[in-house]
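One line per chain: the protein sequences are A and B, in this order.
For the first sequence, counting from 1, position 14 maps to 41 in our numbering; every step adds exactly one.
For the second sequence, counting from 1, position 47 maps to 51 in our numbering; every step adds exactly one.
Note sheet for the following structure.
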Amino acid sequence: MNPILEIRGLSCRLGGREVLRHIDLTVEEGETVALLGRSGSGKTTLLKCVNATVPASAGEILFQGKPIGEWDRITMRRRMGYVIQEGGLFPHWTVAANVGLVPRLEGRPEAAVTARVDELLTSVGLAPAQFAGRFPRQLSGGQKQRVGIARALAGDPPLLLLDEPFAALDPITRFDLQQQFLDLRRNWKKTALFVTHDVREALLVASRIVLLRAGRVELAASPEEFRMAENEEARAFLASAGMGDL
Amino acid sequence: MTSEILTLTIEHIELVLVTLAIAASMGLPAAVMLARRARWRRLVVGFVNVAQTVPSLAMFGFLLPLPLVGGIGKRTAVTALTLYALLPIVRNTLVGLLGVDAGVRESAEAMGMTARQILWQVELPLATPSILTGLRLATVATIGTATIAAAIGGGGLGVFIFRGIAMYDKWTVLAGAVPAAAMAIAADEALGWVEKRSLRSRGMANGE
């Protein structure tokens, strides 16, 4: 057991509202933990507390055994790949420049950056010769997300943070990308914290599902356990996906 | 007459360029700072808005008795013109900076860019088309307003206009008005072209 992330008694207050209440969560190396919950359940805030873009009001978070307050923020964030809905790509940069962001910030030589970009584009299923020079607006939604994932992987971070990365995609593209994500996980052996409100997605990509409700952990279970769970919120999610009656 | 048109045109251009240089070097950094401070933003934009509503002749009147920035001559003219030019520059720079997609800023921060890198590599490049719009509006407005500078000895093409009015001579008025108008149209076209190019080079418009 080698925890990459330990969250202890984490609470977060935003605009006078208690968004997270006493969260305890340990993520082991190699796990993909899905943070599942309704809108407003606090799952995105939890992700933002991890990379210190939102301050916690109580509790502590350890990344690679070190409290996040002791990390240099910039260094720490570069070790946490980040993917959001719609990719968050820089619209004024080409695909290659977007993907090469972190290696370039880290001062790697240009040739190494280019090689890395080509390798990553290929691994997310985009031919470098065809896509490297394009701008984000010349890409489809699915292609943008592929680029977003490649960018997040570029610095070879030990932890990936994904905030509903596939939520804005059509069902077929979403399925393609979920498969791609599974392939990448197998090949790159990354640990991931994956925020989603889609129970099917959570069951498909996660090795563990953490169900959040109103800022609390309602249930933490393997996908198999989750399907059988008696928990009311878990049943509600399963029913919403037509998997309610067992 | 022809050589005087030329001299006054050059003087006019000088007035405009000096004004824009000062307004831009004050307005751009101010807007960058204000983009992060909502309370100050309301105050300063409010002040700049009010400055804009003061009629230009009245503005000269207010400035004349002031030390350093006032008096008869170019300095007062430049001060007044700068106050007018600040509004479009500050407002459009703010629009550009605040208009940067939240997801883009969020991912820049989350990917480990420093605040300075986010400003120079993400926010300012994305705000550039809007900043250029502000500079274009300021330029065109300044070219027009600068004709009033002649009223307080600031020189420029306004000299012909005021002289023509005093002499009831429409040709003298036109000798000042036509070059000023032509200059404004040319500046508008040229800077509009630069704006379009900047959009295109940022992958934000068609045309590659």
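We treat Cβ as the ideally placed atom computed from N, Cα and C, and that holds for glycine.
In chain order, what residues of the same chain lie with their CB nearer than 6 Å to the CB of residue 74 (chain B), ignoring the 5 residues before and after it? Counting from 1 along the second sequence, the entry for residue 74 (chain B) is found at position 70. These residues qualify, in order along the chain: 67, 68, 80.
Quick one, which residues of the stretch 127-143 of chain B are near chain A if we go by CB-CB under 7 Å, in chain order? 129, 130
May I ask which residues mark the beginning and end of the beta strand (DSSP E) holding residue 90 (chain A)? Counting from 1 along the first sequence, the entry for residue 90 (chain A) is found at position 63. Segment 85-90, the beta strand (DSSP E) holding residue 90 (chain A).
How about the stretch 66-84 of chain A and the stretch 103-116 of chain B: do they share at least three Cβ pairs that are nearer than 8 Å? yes
Residue 148 (chain B) and residue 188 (chain B) look like a contact to me (Cβ under 8 Å); what is the Cβ gap, rounded to whole Å? Counted from its first residue, the second sequence places residue 148 (chain B) at position 144. Counted from its first residue, the second sequence places residue 188 (chain B) at position 184. About 6 Å separates the Cβ atoms of residue 148 (chain B) and residue 188 (chain B), confirming a contact at the 8 Å cut-off.
DSSP beta-bridge partners for residue 50 (chain A)? In the first sequence, the residue the question calls residue 50 (chain A) occupies position 23. For residue 50 (chain A), which the question treats as bridged, DSSP gives the partners A:37.
Alpha helix (DSSP H) segment containing residue 203 (chain A), residue limits: Residue 203 (chain A) sits at position 176 when you count from the first residue of the first sequence. Where residue 203 (chain A) is concerned, the enclosing alpha helix (DSSP H) stretches over 198-215.
In this structure, how does DSSP classify residue 211 (chain B) when only helix, strand and coil are distinguished? Stepping through the second sequence from its first residue, residue 211 (chain B) is reached at position 207. Note that residue 211 (chain B) has pLDDT 42, beneath the 50 cutoff, so the model's placement of it is unreliable and no number is given.
Can you list, in chain order, the residues of its chain with a C-beta nearer than 6 Å to that of residue 104 (chain B)? Leave out the 5 residues immediately preceding and following it. Here the question's residue 104 (chain B) lines up with position 100 in the second sequence. So the list reads 127, 130, once near-sequence residues are dropped.
Does residue 212 (chain A) pass the burial test, meaning 16 or more other C-beta atoms within 10 Å, or should it be called exposed? For the purposes of this step, residue 212 (chain A) is taken as residue 185 along the first sequence, with counting starting at 1. Looking at its Cβ environment, which holds 16 or more other Cβ atoms inside 10 Å, residue 212 (chain A) is buried.
Please classify residue 6 (chain B): is it buried, with 16 or more other beta-carbons within 10 angstroms of its beta-carbon, or exposed? Numbered from 1 along the second sequence, position 2 holds the residue referred to as residue 6 (chain B). Exposed is the call here.
Cβ contact (3+ pairs, closer than 8 Å) linking the stretch 96-109 of chain A and the stretch 7-14 of chain B: no
Less than 8 Å between C-beta atoms, sequence neighbours within five positions excluded: which residues of the same chain meet that for residue 196 (chain B)? The residue given as residue 196 (chain B) occupies position 192 in the second sequence. 140, listed in sequence order.
Can you say whether residue 216 (chain A) is buried or exposed, counting buried as having 16 or more other CB atoms within 10 angstroms of its CB? In the first sequence, the residue the question calls residue 216 (chain A) occupies position 189. Result: exposed.
Under the rule that 16 or more other beta-carbon atoms within 10 Å means buried, what is residue 87 (chain A), buried or exposed? In the first sequence, counting from the first residue as 1, residue 87 (chain A) sits at position 60. By the neighbour-count criterion, in which 16 or more other beta carbons inside 10 Å mark a residue as buried, residue 87 (chain A) falls on the exposed side.
What do you reckon, are the CB atoms on residue 180 (chain B) and residue 165 (chain B) nearer than 8 Å? By one-based count along the second sequence, residue 180 (chain B) stands at place 176. By one-based count along the second sequence, residue 165 (chain B) stands at place 161. In this structure, residue 165 (chain B) lies closer than 8 Å to residue 180 (chain B) by Cβ.
Rounded separation between residue 141 (chain A) and residue 230 (chain A) - CA only: Residue mapping note: residue 141 (chain A) aligns to position 114 of the first sequence, counting from 1. Residue mapping note: residue 230 (chain A) aligns to position 203 of the first sequence, counting from 1. Looking at the two C-alpha atoms, the distance is approximately 36 Å.
Same chain, Cβ closer than 7 Å to residue 116 (chain A), five either side skipped, listed in chain order: By 1-based counting over the first sequence, the position of residue 116 (chain A) is 89. Within its own chain, the residues whose Cβ lies closer than 7 Å to the Cβ of residue 116 (chain A), once the five positions on either side in sequence are excluded, are 125, 163, 171, 174, 175, listed in chain order.
Would you be able to state if there are at least three C-beta pairs under 8 Å between the stretch 53-64 of chain A and the stretch 222-236 of chain A? yes
Does the beta-carbon of residue 54 (chain B) have 16 or more other beta-carbons within 10 angstroms, so that it is buried, or is it exposed? Sequence index remark: in the second sequence, residue 54 (chain B) carries index 50 (1-based). By the 10 Å Cβ count, residue 54 (chain B) comes out exposed.
Given residue 211 (chain B), which residues of its chain have a CB within under 6 Å of its CB, disregarding the five upstream and five downstream residues? Position 207 of the second sequence, counting from 1, holds the residue named residue 211 (chain B). The predicted model places residue 211 (chain B) with a pLDDT of 42, which falls under 50 and marks its position as unreliable; any figure quoted below should be read in that light. Hits under 6 Å: 204.
Terminal residues of the beta strand (DSSP E) in which residue 111 (chain A) lies: Start at 1 with the first residue of the first sequence, and residue 111 (chain A) comes out as number 84. Residue 111 (chain A) -> beta strand (DSSP E) spans 107-111.
Taking the runs of the alpha helix (DSSP H) that are 4 residues or longer, which of them lie wholly in the stretch 136-208 of chain B? 162-171, 174-205
Mind checking if residue 48 (chain B) is an interface residue toward chain A, Cβ cutoff 8 Å exclusive? Reading the second sequence from its first residue, position 44 is the one you call residue 48 (chain B). It does not; no Cβ of chain A falls within 8 Å.
Which first and last residues belong to the alpha helix (DSSP H) in which residue 83 (chain B) is found? By one-based count along the second sequence, residue 83 (chain B) stands at place 79. Run containing residue 83 (chain B): 78-102, per the alpha helix (DSSP H) assignment.
Could you check whether residue 240 (chain A) and residue 38 (chain A) sit closer than 8 Å to each other, using their CB atoms as the reference points? On the first sequence, position 11 is the one that residue 38 (chain A) refers to. On the first sequence, position 213 is the one that residue 240 (chain A) refers to. Contact: no.
Return the CA-CA distance between residue 78 (chain B) and residue 51 (chain B), expressed in angstroms with no decimal places. As a position in the second sequence, residue 78 (chain B) is number 74, starting the count at 1. As a position in the second sequence, residue 51 (chain B) is number 47, starting the count at 1. Cα to Cα, the separation comes out at about 24 Å.
Pairing CB atoms from the stretch 85-92 of chain B with CB atoms from the stretch 15-31 of chain B, are three or more of them under 8 Å? As far as the Cβ criterion goes, the stretch 85-92 of chain B touches the stretch 15-31 of chain B, which means the pair count is three or higher.
If you measure beta-carbon to beta-carbon, which residues of the stretch 103-121 of chain B are closer than 8 Å to chain A? 105, 107, 108, 110, 111, 112, 113, 114, 115, 116, 117, 118, 121
For chain B, find out if any of its Cβ atoms is closer than 8 Å to the Cβ of residue 118 (chain A); answer yes or no. Taking the first sequence and counting its residues from 1, one reaches residue 118 (chain A) at position 91. By this cut-off, residue 118 (chain A) is an interface position.
Assuming residue 181 (chain A) and residue 130 (chain A) are in contact, meaning their beta carbons sit under 8 Å apart, how far apart are those beta carbons, in whole angstroms? The sequence position of residue 181 (chain A) within the first sequence is 154, counting from 1. The sequence position of residue 130 (chain A) within the first sequence is 103, counting from 1. Indeed they touch by this definition, with Cβ atoms about 5 Å apart.
With DSSP collapsed to three states, give me the class of residue 116 (chain A). One-based indexing of the first sequence puts residue 116 (chain A) at position 89. The three-state secondary structure of residue 116 (chain A), taken from DSSP, is coil.
For the beta strand (DSSP E) that contains residue 236 (chain A), what are its first and last residues? Here residue 236 (chain A) corresponds to residue number 209 of the first sequence, with the count starting at 1. Counting along the chain, the beta strand (DSSP E) containing residue 236 (chain A) begins and ends at 235-240.
Exposed or buried, which one is residue 34 (chain A) when buried takes at least 16 other CB atoms within 10 Å? Locating residue 34 (chain A) in the first sequence gives position 7, counting from the first residue. Buried, since its Cβ has 16 or more Cβ neighbours within 10 Å.
Starting from residue 36 (chain B), trace the alpha helix (DSSP H) in both directions and tell me its first and last residue. Your numbering for residue 36 (chain B) matches position 32 in the second sequence. Per DSSP, residue 36 (chain B) belongs to the alpha helix (DSSP H) from 6-38.
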